[in-house]
Amino acid sequence: MIYRNDNLKFENESVIGTIKDLMEYFRYEIASQSMTGTECDYENYIDNVKNMIEVIENFEEDLQNEIFNENDVFKVSVHSMGGFIIEKESE
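The opening position of the sequence shown corresponds to residue -1 in my numbering, with each subsequent residue numbered one higher.
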């Protein structure tokens, strides 16, 4: 499966885009890793999926609480200690 979204920007282990596009991207990543049977340590695989789900849940919660809207732009980066760092991009 090939995922393409011209609205996302990838740089140095980060992805930048709107909440809507980022949620779609992380959902695709979860599905892709699950379907392709990516060869990796099972524990790392589970941790990675949990971290991606956490990003999606954080965005969903922010949308439900009307803190941000789906067109706000964020940068999601891999944290050196595991997990992701979510930062709002300046306008």
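From the three backbone atoms N, C-alpha and C, an ideal C-beta is built for every residue, glycine too. What you are looking at is a predicted structure, and each value in this text was computed from that prediction instead of being measured.
Looking at the backbone, the Cα of residue 76 and that of residue 67 are separated by about 23 angstroms. Using a 10 angstroms sphere on the CB of residue 23, the tally of other CB atoms reaches 16 or more, which defines it as buried. In this structure, residue 72 keeps its C-beta atom at 7 angstroms or more from the C-beta atom of residue 21. Taken through DSSP and simplified to helix, strand or coil, residue 8 comes out as strand. Ranked by Cα distance from residue 46, the options 4, 2, 78, 3 are led by 78.
Inclusion of residue 81 and residue 42 in the CB contact set at 7 angstroms is not warranted, their separation being larger than that value. In this structure, the alpha-carbon of residue 59 lies about 10 angstroms from that of residue 52. Beta-carbon to beta-carbon, residue 14 and residue 7 are separated by about 4 angstroms, close enough to satisfy the 8 angstroms threshold. Taken through DSSP and simplified to helix, strand or coil, residue 54 comes out as helix.
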